[in-house]
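S.K.: Under the working numbering, the first residue of the sequence shown is numbered -12, with each subsequent residue one higher.
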Amino acid sequence: MKKFKKYNIDPTDENILKALESDTYERATHIKNFIEGLDLIDTNMFISLDARWGEGKTFYIRQMEMTLRYLSKKHFGKDVTELEPYFSKSRLKTIELENTYLPIYYNAWLYDYHKDPLMSLTYVLVKECGKYVSTVMDNSSIKDKFLSLLSSFSLTFPFLQISGDWKNIKENLNGKDILEEIKTAEEIH
């Protein structure tokens, strides 16, 4: 019996990096132009990417994510030795940006069965931010603007309920490592 050959490549980190290194799909120029174009945008904007199933949307987005991750780590003086071999000969290494971007990839399929999509998005945001900044909240690091913003929402985290009273928010967040609280909440659910 003749077997079917799989023609699509899963968008794993390893496959993304190999494709970036060899420019397998000849996208380096498009990725470079897109990222440099992002840097020219000075307002909030939604960007839509549309194509049929299997035409490479996820792979393209993940390639941009990995490129931005490399550029961000490089900008902040983080260790890029793991990523450097994949970018060393690529034209993507030459991208120069005025702004720094924190790339966050939210896999909607992975969280499809979460009962609260906003919470799963929040989990991913905090986890990714935790790779770049401390997620421990203390009174000296909580700014009034942040608290004011939070107080305009009513959010329920498995480890904390936030609603209206910014002093209550400040007390509840003081000394907590938000990333650890989220990991614990995800393990419970």
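The C-beta atom is built at its ideal place from N, Cα and C for all residues, glycine as well. Please read these numbers as outputs of a predicted model, since none were measured by experiment.
Would you tell me roughly how many angstroms separate the C-alpha atoms of K61 and K76, rounded to the nearest one?
M.R.: 16 Å
S.K.: For S9, count the other beta carbons within 10 Å of its own beta carbon; 16 or more makes it buried, fewer makes it exposed. Which is it?
M.R.: exposed
S.K.: Is it buried or exposed for I34, if we count other Cβ within 10 angstroms and need 16 for buried?
M.R.: With fewer than 16 other Cβ atoms inside 10 Å of its own Cβ, I34 counts as exposed.
S.K.: With distances taken Cα to Cα, identify the nearest neighbour of I84 among L55, V67, N94 and L112.
M.R.: Reading off the sequence shown, one finds Leu at residue 84, where the question assumed Ile. Minimum Cα-Cα distance from L84 among the listed residues L55, V67, N94 and L112 corresponds to L55.
S.K.: So, is E1 buried or exposed, given that buried needs 16 or more other C-beta atoms within 10 angstroms?
M.R.: exposed
S.K.: Out of Y(-6), Y93, P104 and C116, which has the shortest C-alpha to C-alpha gap to G41?
M.R.: Y(-6)
S.K.: With 16 other CB atoms within 10 Å as the buried threshold, where does I28 fall?
M.R.: exposed
S.K.: Which residues in the same chain have their Cβ closer than 6 Å to the Cβ of T87, if we skip the five residues on either side of it in sequence?
M.R.: Closer than 6 Å at Cβ, skipping near neighbours: S59 and H62.
S.K.: Using a 10 Å radius around the Cβ and a threshold of 16 neighbouring Cβ atoms, would you call P182 buried or exposed?
M.R.: Beyond the ends of the chain as shown, which are -12 and 176, falls residue 182; an answer cannot be given.
S.K.: Suppose the cutoff is 8 Å on Cβ atoms and the five residues either side in sequence are ignored; what does the same chain contact list for D(-3) look like?
M.R.: Here the set comprises nothing.
S.K.: Are the beta-carbon atoms belonging to I22 and I82 less than 8 Å from one another?
M.R.: yes
S.K.: Within 10 Å of its beta-carbon, does A15 have 16 or more other beta-carbons around it, so buried, or fewer, so exposed?
M.R.: buried
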